[in-house]
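Inspection log for the structure reproduced underneath, given as C-alpha coordinates.
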Amino acid sequence: MPAFAPPYDDDLELLRSTAVAAGIIASSYFRRDIKSWTKENASPVSEADIVVDRFLAANLLQARPDYGWLSEETVDNPSRLDCERVFVVDPIDGTRAFLRGEDYWTVSLAVVENGVPVAGVVYAPARDELYDAHRGGGARINGKPLTRSRRAGTPPLIPAPGAVHQELQAAGLDYARGPAFPSLAYRLVQVATGRLDAAVARRGAQDWDIAGAAVILSECGLDFADVCTGFPQLNKRDVRHGALAALGDISLKPLVHAALVKVYGCPQAQDSAELAQTQLPQTRD
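Under the working numbering, read the sequence shown as residues 56 to 340, first letter to last.
Quick look at the structure:
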(Lines of atoms letter the chains of each structure in order from A and count residues from 1; the text may use other names and numbers.)
(Lines give C-alpha, C1' and ligand atoms only; values in the text may rest on other atoms or scores of the structure.)
Protein backbone atom coordinates (compact mmCIF):
# COMPACT_ATOMS: atom_id res chain seq x y z
CA MET A 1 0.00 0.00 0.00
CA PRO A 2 1.43 3.44 -0.84
CA ALA A 3 2.83 5.41 2.10
CA PHE A 4 0.29 8.22 1.55
CA ALA A 5 -2.74 5.94 1.88
CA PRO A 6 -4.63 6.44 5.14
CA PRO A 7 -5.49 3.39 7.27
CA TYR A 8 -8.92 1.82 6.94
CA ASP A 9 -10.17 3.22 10.24
CA ASP A 10 -9.70 6.77 8.92
CA ASP A 11 -11.67 5.91 5.81
CA LEU A 12 -14.38 4.33 7.95
CA GLU A 13 -14.66 7.38 10.16
CA LEU A 14 -15.06 9.52 7.04
CA LEU A 15 -17.79 7.18 5.75
CA ARG A 16 -19.60 7.18 9.10
CA SER A 17 -19.70 10.95 9.52
CA THR A 18 -20.67 11.45 5.89
CA ALA A 19 -23.43 8.83 6.06
CA VAL A 20 -24.99 10.49 9.10
CA ALA A 21 -24.95 13.89 7.38
CA ALA A 22 -26.39 12.34 4.20
CA GLY A 23 -29.10 10.68 6.28
CA ILE A 24 -30.09 14.04 7.74
CA ILE A 25 -30.36 15.49 4.25
CA ALA A 26 -32.38 12.55 2.94
CA SER A 27 -34.66 12.64 5.99
CA SER A 28 -35.59 16.24 5.21
CA TYR A 29 -37.27 14.90 2.04
CA PHE A 30 -38.74 11.77 3.66
CA ARG A 31 -42.55 11.57 3.82
CA ARG A 32 -42.80 14.84 1.89
CA ASP A 33 -44.31 15.61 -1.50
CA ILE A 34 -41.16 15.47 -3.63
CA LYS A 35 -40.35 15.10 -7.30
CA SER A 36 -39.67 11.61 -8.57
CA TRP A 37 -39.36 9.97 -11.96
CA THR A 38 -38.30 6.69 -13.51
CA LYS A 39 -35.14 5.70 -15.30
CA GLU A 40 -35.11 3.87 -18.61
CA ASN A 41 -35.49 0.52 -16.85
CA ALA A 42 -38.46 1.78 -14.76
CA SER A 43 -36.32 2.06 -11.62
CA PRO A 44 -37.41 5.07 -9.54
CA VAL A 45 -35.29 8.06 -8.65
CA SER A 46 -36.20 11.16 -6.66
CA GLU A 47 -34.84 14.63 -6.13
CA ALA A 48 -33.61 13.38 -2.75
CA ASP A 49 -31.41 10.77 -4.44
CA ILE A 50 -29.77 13.46 -6.57
CA VAL A 51 -29.26 15.95 -3.73
CA VAL A 52 -27.73 13.30 -1.50
CA ASP A 53 -25.53 12.02 -4.31
CA ARG A 54 -24.13 15.50 -4.93
CA PHE A 55 -23.44 15.96 -1.23
CA LEU A 56 -21.66 12.61 -1.01
CA ALA A 57 -19.48 13.32 -4.03
CA ALA A 58 -18.50 16.77 -2.78
CA ASN A 59 -17.77 15.65 0.78
CA LEU A 60 -15.98 12.38 0.08
CA LEU A 61 -13.92 13.45 -2.91
CA GLN A 62 -12.83 16.65 -1.20
CA ALA A 63 -11.46 14.51 1.63
CA ARG A 64 -9.89 11.90 -0.71
CA PRO A 65 -9.30 13.56 -4.11
CA ASP A 66 -7.19 10.64 -5.34
CA TYR A 67 -9.99 8.10 -4.87
CA GLY A 68 -12.23 7.03 -7.72
CA TRP A 69 -16.02 7.40 -7.73
CA LEU A 70 -18.85 4.99 -8.54
CA SER A 71 -22.43 5.88 -7.65
CA GLU A 72 -25.83 4.75 -8.78
CA GLU A 73 -26.83 8.35 -9.48
CA THR A 74 -23.67 9.60 -11.22
CA VAL A 75 -22.76 8.96 -14.86
CA ASP A 76 -19.95 6.42 -14.79
CA ASN A 77 -16.42 7.72 -15.28
CA PRO A 78 -14.06 4.96 -16.50
CA SER A 79 -11.14 6.70 -14.77
CA ARG A 80 -12.23 4.85 -11.61
CA LEU A 81 -10.71 1.71 -13.12
CA ASP A 82 -7.26 3.25 -12.76
CA CYS A 83 -7.69 4.06 -9.05
CA GLU A 84 -6.40 1.84 -6.27
CA ARG A 85 -9.22 2.98 -3.99
CA VAL A 86 -12.74 3.91 -5.06
CA PHE A 87 -15.80 5.22 -3.24
CA VAL A 88 -18.81 3.06 -4.13
CA VAL A 89 -22.07 4.62 -2.98
CA ASP A 90 -25.82 4.33 -3.16
CA PRO A 91 -27.31 7.64 -1.94
CA ILE A 92 -30.67 6.04 -1.15
CA ASP A 93 -30.86 2.26 -1.41
CA GLY A 94 -34.53 1.34 -1.44
CA THR A 95 -35.91 4.40 -3.22
CA ARG A 96 -39.30 2.73 -3.66
CA ALA A 97 -39.59 2.30 0.13
CA PHE A 98 -38.40 5.89 0.63
CA LEU A 99 -41.10 7.22 -1.70
CA ARG A 100 -43.76 5.08 -0.01
CA GLY A 101 -42.80 6.48 3.39
CA GLU A 102 -41.48 3.15 4.68
CA ASP A 103 -38.56 2.92 7.12
CA TYR A 104 -36.43 0.36 5.29
CA TRP A 105 -34.17 2.54 3.14
CA THR A 106 -30.48 3.16 3.64
CA VAL A 107 -27.49 5.25 2.74
CA SER A 108 -24.85 2.72 1.64
CA LEU A 109 -21.20 3.76 1.36
CA ALA A 110 -17.97 1.85 0.86
CA VAL A 111 -14.31 2.17 0.04
CA VAL A 112 -13.15 -0.50 -2.40
CA GLU A 113 -9.44 -1.24 -2.69
CA ASN A 114 -8.19 -3.16 -5.72
CA GLY A 115 -11.64 -4.68 -6.22
CA VAL A 116 -12.24 -5.62 -2.57
CA PRO A 117 -14.48 -3.63 -0.18
CA VAL A 118 -12.37 -2.61 2.83
CA ALA A 119 -14.59 -0.12 4.67
CA GLY A 120 -18.35 0.15 4.61
CA VAL A 121 -21.37 1.78 6.20
CA VAL A 122 -25.05 0.93 5.86
CA TYR A 123 -27.15 3.60 7.59
CA ALA A 124 -30.92 3.40 8.04
CA PRO A 125 -31.81 6.91 9.28
CA ALA A 126 -35.53 6.29 9.80
CA ARG A 127 -34.69 3.31 12.02
CA ASP A 128 -31.70 4.94 13.75
CA GLU A 129 -29.46 2.00 12.80
CA LEU A 130 -25.90 2.53 11.64
CA TYR A 131 -23.92 -0.57 10.65
CA ASP A 132 -20.22 -0.22 9.90
CA ALA A 133 -17.03 -2.23 9.49
CA HIS A 134 -13.54 -2.07 8.08
CA ARG A 135 -11.29 -4.93 7.11
CA GLY A 136 -9.65 -6.44 10.17
CA GLY A 137 -11.57 -4.19 12.56
CA GLY A 138 -14.80 -6.07 13.21
CA ALA A 139 -18.35 -4.86 12.62
CA ARG A 140 -20.57 -2.62 14.72
CA ILE A 141 -24.14 -1.40 15.04
CA ASN A 142 -24.52 2.07 16.53
CA GLY A 143 -20.94 1.84 17.79
CA LYS A 144 -21.34 -1.49 19.61
CA PRO A 145 -19.92 -4.83 18.40
CA LEU A 146 -22.31 -6.52 16.00
CA THR A 147 -23.02 -10.08 17.08
CA ARG A 148 -25.42 -12.44 15.41
CA SER A 149 -28.39 -13.34 17.62
CA ARG A 150 -30.68 -16.21 16.61
CA ARG A 151 -33.65 -17.86 18.33
CA ALA A 152 -32.83 -21.50 18.92
CA GLY A 153 -35.13 -24.17 17.55
CA THR A 154 -36.80 -22.05 14.88
CA PRO A 155 -36.61 -22.83 11.14
CA PRO A 156 -34.32 -20.68 9.00
CA LEU A 157 -35.85 -17.38 7.93
CA ILE A 158 -35.19 -16.66 4.24
CA PRO A 159 -36.74 -13.96 2.05
CA ALA A 160 -36.53 -14.66 -1.68
CA PRO A 161 -38.40 -14.18 -4.97
CA GLY A 162 -41.23 -16.64 -5.59
CA ALA A 163 -39.36 -18.77 -8.12
CA VAL A 164 -36.51 -19.28 -5.64
CA HIS A 165 -38.97 -20.29 -2.93
CA GLN A 166 -40.38 -22.91 -5.29
CA GLU A 167 -36.92 -24.41 -5.80
CA LEU A 168 -36.14 -24.41 -2.08
CA GLN A 169 -39.44 -26.11 -1.31
CA ALA A 170 -38.92 -28.65 -4.08
CA ALA A 171 -35.51 -29.45 -2.55
CA GLY A 172 -37.20 -30.20 0.76
CA LEU A 173 -35.68 -27.37 2.81
CA ASP A 174 -37.52 -26.75 6.09
CA TYR A 175 -37.59 -22.96 6.43
CA ALA A 176 -39.86 -19.93 6.81
CA ARG A 177 -40.28 -17.07 4.37
CA GLY A 178 -38.67 -13.93 5.74
CA PRO A 179 -39.50 -10.25 5.16
CA ALA A 180 -38.15 -8.92 1.87
CA PHE A 181 -36.72 -5.57 2.95
CA PRO A 182 -36.71 -3.20 -0.05
CA SER A 183 -33.11 -2.08 0.51
CA LEU A 184 -30.77 -4.88 -0.55
CA ALA A 185 -28.02 -3.44 1.65
CA TYR A 186 -30.34 -3.56 4.68
CA ARG A 187 -31.49 -7.07 3.81
CA LEU A 188 -27.88 -8.29 3.67
CA VAL A 189 -26.87 -6.83 7.02
CA GLN A 190 -29.88 -8.48 8.68
CA VAL A 191 -28.08 -11.77 8.10
CA ALA A 192 -25.28 -10.35 10.26
CA THR A 193 -27.73 -9.43 13.03
CA GLY A 194 -29.43 -12.85 12.91
CA ARG A 195 -32.81 -11.41 11.99
CA LEU A 196 -32.49 -13.35 8.72
CA ASP A 197 -30.69 -16.64 8.09
CA ALA A 198 -30.10 -15.94 4.42
CA ALA A 199 -30.60 -13.07 2.02
CA VAL A 200 -30.52 -13.42 -1.74
CA ALA A 201 -30.56 -11.15 -4.76
CA ARG A 202 -31.55 -11.95 -8.30
CA ARG A 203 -28.98 -11.65 -11.08
CA GLY A 204 -28.24 -8.01 -11.91
CA ALA A 205 -27.41 -6.43 -8.54
CA GLN A 206 -24.67 -3.83 -8.94
CA ASP A 207 -21.63 -2.76 -6.96
CA TRP A 208 -23.37 0.05 -5.09
CA ASP A 209 -26.10 -2.32 -3.90
CA ILE A 210 -23.67 -4.58 -2.05
CA ALA A 211 -20.33 -2.88 -1.35
CA GLY A 212 -21.12 -1.47 2.10
CA ALA A 213 -22.85 -4.61 3.33
CA ALA A 214 -20.13 -6.89 1.95
CA VAL A 215 -17.55 -5.53 4.40
CA ILE A 216 -19.92 -5.96 7.33
CA LEU A 217 -20.74 -9.56 6.38
CA SER A 218 -17.07 -10.38 5.90
CA GLU A 219 -16.11 -8.96 9.30
CA CYS A 220 -18.87 -11.06 10.87
CA GLY A 221 -17.33 -14.17 9.29
CA LEU A 222 -20.37 -14.83 7.11
CA ASP A 223 -20.42 -16.33 3.63
CA PHE A 224 -21.37 -13.86 0.91
CA ALA A 225 -21.00 -14.86 -2.71
CA ASP A 226 -22.01 -14.43 -6.29
CA VAL A 227 -23.28 -17.98 -6.82
CA CYS A 228 -21.62 -18.07 -10.23
CA THR A 229 -18.19 -16.66 -9.44
CA GLY A 230 -17.61 -16.59 -5.67
CA PHE A 231 -16.90 -13.51 -3.57
CA PRO A 232 -17.93 -10.50 -5.66
CA GLN A 233 -15.10 -8.53 -7.23
CA LEU A 234 -15.96 -4.84 -7.41
CA ASN A 235 -14.92 -1.81 -9.47
CA LYS A 236 -14.70 -3.73 -12.72
CA ARG A 237 -15.87 -2.29 -16.03
CA ASP A 238 -19.09 -4.30 -15.66
CA VAL A 239 -20.52 -3.56 -12.22
CA ARG A 240 -23.32 -6.14 -12.41
CA HIS A 241 -23.22 -9.48 -10.62
CA GLY A 242 -24.83 -12.86 -10.88
CA ALA A 243 -27.34 -14.01 -8.28
CA LEU A 244 -26.06 -13.36 -4.75
CA ALA A 245 -26.48 -15.09 -1.40
CA ALA A 246 -25.49 -14.10 2.13
CA LEU A 247 -25.71 -16.98 4.59
CA GLY A 248 -25.85 -17.01 8.37
CA ASP A 249 -25.77 -20.81 8.37
CA ILE A 250 -23.26 -22.34 5.97
CA SER A 251 -25.25 -25.59 5.85
CA LEU A 252 -27.82 -23.71 3.73
CA LYS A 253 -25.27 -23.01 1.00
CA PRO A 254 -25.75 -26.06 -1.28
CA LEU A 255 -29.52 -25.73 -1.54
CA VAL A 256 -29.67 -21.92 -1.66
CA HIS A 257 -26.92 -21.64 -4.29
CA ALA A 258 -28.43 -24.43 -6.38
CA ALA A 259 -31.85 -22.77 -6.30
CA LEU A 260 -30.43 -19.43 -7.42
CA VAL A 261 -28.40 -20.97 -10.23
CA LYS A 262 -31.42 -22.91 -11.46
CA VAL A 263 -33.66 -19.83 -11.46
CA TYR A 264 -31.23 -17.22 -12.78
CA GLY A 265 -28.45 -19.19 -14.43
CA CYS A 266 -24.89 -17.94 -14.85
CA PRO A 267 -23.54 -15.73 -17.62
CA GLN A 268 -21.63 -17.59 -20.28
CA ALA A 269 -17.99 -16.74 -20.95
CA GLN A 270 -18.96 -15.13 -24.24
CA ASP A 271 -21.57 -13.00 -22.53
CA SER A 272 -19.02 -11.84 -19.97
CA ALA A 273 -16.56 -10.86 -22.69
CA GLU A 274 -19.23 -8.88 -24.51
CA LEU A 275 -20.37 -7.15 -21.32
CA ALA A 276 -16.81 -6.15 -20.48
CA GLN A 277 -16.74 -4.05 -23.65
CA THR A 278 -19.85 -2.07 -22.81
CA GLN A 279 -20.65 0.60 -20.27
CA LEU A 280 -23.60 -0.35 -18.15
CA PRO A 281 -26.68 1.74 -17.50
CA GLN A 282 -27.11 2.63 -13.82
CA THR A 283 -30.25 0.74 -13.06
CA ARG A 284 -31.06 -0.29 -9.51
CA ASP A 285 -32.66 1.66 -6.74
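Glycine included, C-beta positions come from ideal geometry on N, C-alpha and C.
- Boundaries cannot be given for residue 230, as no beta strand (DSSP E) includes it and DSSP labels it neither H nor E.
- Secondary structure at residue 70: helix, using DSSP grouped into helix, strand and coil.
- For the pair residue 111 and residue 133, the CB atoms are not nearer than the 8 Å cut-off.
- Beta-bridge pairing by DSSP links residue 148 to 161.
- The stretch 303-322 and the stretch 221-241 touch, with no fewer than 3 CB-CB distances between them shorter than 8 Å.
- Judged by beta-carbon spacing, residue 173 lies beyond the 8 Å limit of residue 74, meaning their Cβ atoms are not closer than that value.
- Under the DSSP assignment, residue 254 falls in the beta strand (DSSP E) whose first and last residues are 253-256.
- Taking residue 272 as reference, the option from 240, 289, 296, 282 with the minimal CA-CA separation is 240.
- Per DSSP, residue 178 is one residue of the beta strand (DSSP E) stretching across 171-179.
- Residue state for residue 272 is assigned as helix, using DSSP reduced to three classes.
- Excluding the 5 residues flanking it on each side, residue 256 has same chain C-beta neighbours closer than 6 Å at 239, 299, in chain order.
- Annotated as proximal: residue 201 and residue 194, with beta-carbon spacing under 8 Å.
- Sixteen is the threshold: when 16 or more other Cβ atoms of the shown chains lie within 10 Å of the Cβ of residue 135, as they do, the residue is buried.
- One alpha carbon belongs to residue 178, the other to residue 186, and they sit about 6 Å apart.
- Residue 80 has no beta-bridge partner at all, per DSSP.
- Look at residue 141 here: in three-state DSSP terms it is strand.
- If the five residues before and after residue 93 are omitted, its C-beta is found closer than 6 Å to the C-beta atoms of 99, all from its own chain and listed in chain order.
- Rounded to the nearest whole angstrom, the CA to CA distance from residue 189 to residue 97 is 34 Å.
- With a cutoff of 8 Å on beta-carbon distance, residue 151 and residue 237 are scored as near each other.
- The beta carbon of residue 114 sits closer than 6 Å to those of 73, all from its chain and outside the five residues before and after it, given in chain order.
- Look at residue 133 here: in three-state DSSP terms it is helix.
- In this structure, DSSP gives residue 261 an extended state, which the three-state scheme calls strand.
- Under the three-state reduction of DSSP, residue 282 is assigned to coil, being neither helix nor strand.
- Residues 297 of the same chain have their beta carbon placed closer than 7 Å to that of residue 284, with the five preceding and five following residues left out of the count.
- Taking C-beta atoms as the reference points, residue 159 and residue 149 count as a pair closer than 8 Å.
- If you draw a 10 Å sphere on the C-beta of residue 79, you find fewer than 16 other C-beta atoms in it, and that means exposed.
- Note that the C-beta distance between residue 253 and residue 218 is not below 8 Å.
- In this structure, residue 168 keeps its C-beta atom at 8 Å or more from the C-beta atom of residue 205.
- Between residue 266 and residue 289, the alpha-carbon positions lie close to 8 Å from each other.
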